[in-house]
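I have placed the structure first, in the form of structure tokens, so that the comments after it can refer back to it.
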Amino acid sequence: MRAILDIVLIILDLYVWLLIASAILSWLIAFNVVNTRNQFVAAVAEFLERITEPLLGPIRRLLPNLGGLDISPIILILIILFMQRVITYYIYPAVF
């Protein structure tokens, strides 16, 4: 059971890094540093959008309009960190 919890923690950690990569890539695209006409950039952007949007979408719908500022990745990262702490401090020690 601890191995399953370790895998869950690794997946949550990986998802945080994907959220960070998605945010950085969106900034690079917005400031025209990278071009989405490049097939590799477009493929990476599409992958990151498909993997992060299912969890970011509901958070974006709940948040008020803040202009051009999107804080949904920060909120999702905080939720993931909270889940990791709960698993580490409360669930993991209770498993034999």
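Numbering (my numbering), first residue to last: 118 to 213.
Using N, Cα and C, we set each Cβ at its ideal position, and we do this for glycine too.
- Judged by DSSP in its simplified three-state form, G184 adopts coil rather than helix or strand.
- In the three-state scheme derived from DSSP, where H, G and I count as helix and E and B as strand, A140 is classed as helix.
- About 6 Å separates the Cβ atoms of R119 and V212, confirming a contact at the 8 Å cut-off.
- Here Y209 carries a coil assignment [DSSP, helix/strand/coil].
- When DSSP states are grouped into helix, strand and coil, F148 belongs to the coil group.
- Taking 9 Å as the cut-off, the beta carbon of T205 is found no closer than this to the beta carbon of L136.
- Between L186 and A162, the gap from beta carbon to beta carbon reaches 9 Å or more.
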